[in-house]
Amino acid sequence: MLVKHGVISTLGQLTSTVITRQQFFLVRTLCGSKTHHPKLIRAMSSTSEADAESVLRTVTPSLDPKRHKGQAGKIAVIGGCREYTGAPYFAAISALKIGADLSHVFCMCPVIKSYSPELIVHPLLEESYTISQFSEEEKRKIQDKVIGEVDKWMERFDCLVIGPGLGRDPFLLECVSKIMLLAKKFNVPFVVDGDGLFLVTNSIDLVKSYPLAVLTPNVNEYKRLVQKVLNCEVDEENAGDQLRSLAKQIGGVTILRKGKSDLISNGEIVKSVSIYGSPRRCGGQGDILSGGVAVFLSWAQQLKSDPESPSESPAIVGCIAASGLLRKAASLAFTKHKRSTLTSDIIECLGESLEDICSAS
448 MLVKHGVIST
458 LGQLTSTVIT
468 RQQFFLVRTL
478 CGSKTHHPKL
488 IRAMSSTSEA
498 DAESVLRTVT
508 PSLDPKRHKG
518 QAGKIAVIGG
528 CREYTGAPYF
538 AAISALKIGA
548 DLSHVFCMCP
558 VIKSYSPELI
568 VHPLLEESYT
578 ISQFSEEEKR
588 KIQDKVIGEV
598 DKWMERFDCL
608 VIGPGLGRDP
618 FLLECVSKIM
628 LLAKKFNVPF
638 VVDGDGLFLV
648 TNSIDLVKSY
658 PLAVLTPNVN
668 EYKRLVQKVL
678 NCEVDEENAG
688 DQLRSLAKQI
698 GGVTILRKGK
708 SDLISNGEIV
718 KSVSIYGSPR
728 RCGGQGDILS
738 GGVAVFLSWA
748 QQLKSDPESP
758 SESPAIVGCI
768 AASGLLRKAA
778 SLAFTKHKRS
788 TLTSDIIECL
798 GESLEDICSA
808 S
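To get my numbering, take the position in the sequence shown, counting from 1, and add 447.
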């Protein structure tokens, strides 16, 4: 990627030295590191920067007056324990702001209903403390009832987001495990984030070899996945190759590793998204991303039969588009609010950012 084929052999040793210096300068510019190794250059060559704006233009559907409610996407977020009610709201409302028609939240606390009348909220999940007085048989019946209620809706959904604000309550995690199995039964794609990744890391079989699964780990969640699956530590010098190995080892799931540059792989290819971005690291941006991946993945699924659709899988396309849009919205929000930028500010910039790339008119 960094050296054009044939240049070194043609121009000789002096030019080779110049080219090598240019390589290290480019690595220094892109990575911001003071120490560089040939191994890092090889790792970079195995990862290609995605044209996120082009992907966004391709995958975003036109606003056709002939379409009816629901055709632009029906998303469901599974999460929201007693302590964390903001995360599922951020994921669900972001899906709507990007362009999904309907956004559901399956959660524990009905308070999320008061956050926005735009969301369809199902406060039916339970945690251990709310059912501690019941026998094991009664607890099983409660769990079956929860799964049954989700089952009624499952076929309607284009994609699930599993994990925002989920928490780590054992009873709740067991319910969510069964919801994931239900989604696989109906071939519904799902994006796993937050404590959903805690669940998956300890039960890899929930996602293994399911090509419609997307994992969106942050630095600590990724570290735990690497340790669990690859039985080693994170290798930053070979980040792309290690990510590819991790995704392949889990059976071809798509992984979006969040960072200064987002890295995306399904075990075959590795793409990076480095455009835009913001230095403000307020909590909740990952929830925006997970909601965005769900929407764009569902749109990419609809494009599969189109001869002009992207060559990459819908999951890869969804990750590239969501990453690019979040980064642009975060950058725009930061120009307006600087240090006081909040996740809600970024959400309000999603529409403007998408319009700038892909006009609705």
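Backbone N, C-alpha and C define an ideal beta-carbon position, used for all residues, glycine too.
Contact set for His515: own chain, Cβ-Cβ below 8 angstroms, skip 5 residues either direction: Reading the sequence shown from its first residue, position 68 is the one you call residue 515. There are no such residues.
Beta-bridge partners of Ile545, as assigned by DSSP: By 1-based counting over the sequence shown, the position of residue 545 is 98. The partner list for Ile545 (beta bridge, DSSP) is empty, contrary to what the question assumes.
Please confirm whether Ala747 and Val764 have their CB atoms less than 7 angstroms apart. To locate residue 747, count along the sequence shown from 1; it is residue 300. To locate residue 764, count along the sequence shown from 1; it is residue 317. Yes, Cβ-Cβ distance for Ala747 and Val764 is below 7 angstroms.
Roughly how many angstroms lie between the CA atoms of Cys805 and Lys592, to the nearest whole one? Taking the sequence shown and counting its residues from 1, one reaches residue 805 at position 358. Taking the sequence shown and counting its residues from 1, one reaches residue 592 at position 145. Taking the straight line joining both Cα atoms gives about 43 angstroms.
Three or more C-beta pairs closer than 8 angstroms, one from the stretch 597–605 and one from the stretch 515–529: is that the case here? Flag = yes, the stretch 597–605 and the stretch 515–529 touch.
Out of Thr505, Gly771, Asp734, Thr532, which has the shortest C-alpha to C-alpha gap to Gly641? By 1-based counting over the sequence shown, the position of residue 641 is 194. Gly641 has its Cα closest to that of Asp734, out of Thr505, Gly771, Asp734, Thr532.
Here's the rule I'm using: 16 or more other beta-carbon atoms within 10 Å means buried, otherwise exposed. How should Val666 be labelled? Counting from one through the sequence shown, the residue named residue 666 turns up at place 219. Val666 comes out exposed.
So the beta strand (DSSP E) Cys805 belongs to, where does it begin and stop? Along the sequence shown, read from residue 1 onward, the residue named residue 805 stands at position 358. Premise fails: Cys805 is in no beta strand (DSSP E) and is neither H nor E.
Supposed close pair Asn713, Ala694 - CB separation, criterion 8 angstroms: For the purposes of this step, residue 713 is identified with residue 266 of the sequence shown, where counting begins at 1. For the purposes of this step, residue 694 is identified with residue 247 of the sequence shown, where counting begins at 1. About 5 angstroms separates the two Cβ atoms, so the contact holds.
Gly643 versus Met601, Pro535, Ile794, Pro658, residue with shortest Cα-Cα distance: Looking up residue 643 in the sequence shown gives position 196. Out of Met601, Pro535, Ile794, Pro658, Pro535 has the C-alpha closest to the C-alpha of Gly643.
So who's on the other strand from Pro570, going by DSSP bridges? Your numbering for residue 570 matches position 123 in the sequence shown. BP columns for Pro570 point to Cys554.
Within a Cβ cutoff of 7 angstroms, which residues of the same chain sit near Pro485, ignoring the five residues on either side of it in sequence? Numbered from its first residue, the sequence shown carries residue 485 at position 38. Per-residue confidence for Pro485 stands at a pLDDT of 41, beneath the threshold of 50, marking its modelled position as unreliable; no derived number is given.
Of all the options Gly706, Arg615, His784, which has the alpha carbon lying nearest to the alpha carbon of Ser575? For the purposes of this step, residue 575 is taken as the residue at position 128 of the sequence shown. Ranking Gly706, Arg615, His784 by Cα distance to Ser575 puts Arg615 first.
Apart from the five residues just before and just after Val681, which ones in its own chain have a Cβ nearer than 6 angstroms to its Cβ? In the sequence shown, counting from the first residue as 1, residue 681 sits at position 234. Within the same chain, Val681 has close Cβ partners Lys670, Val673.
Throw me the rounded Cβ distance for the Val717 and Arg691 pair, which I believe falls under 8 angstroms. In the sequence shown, the residue the question calls residue 717 occupies position 270. In the sequence shown, the residue the question calls residue 691 occupies position 244. Between Arg691 and Val717 the Cβ distance is about 5 angstroms, and since that is below 8 angstroms, they are a contact.
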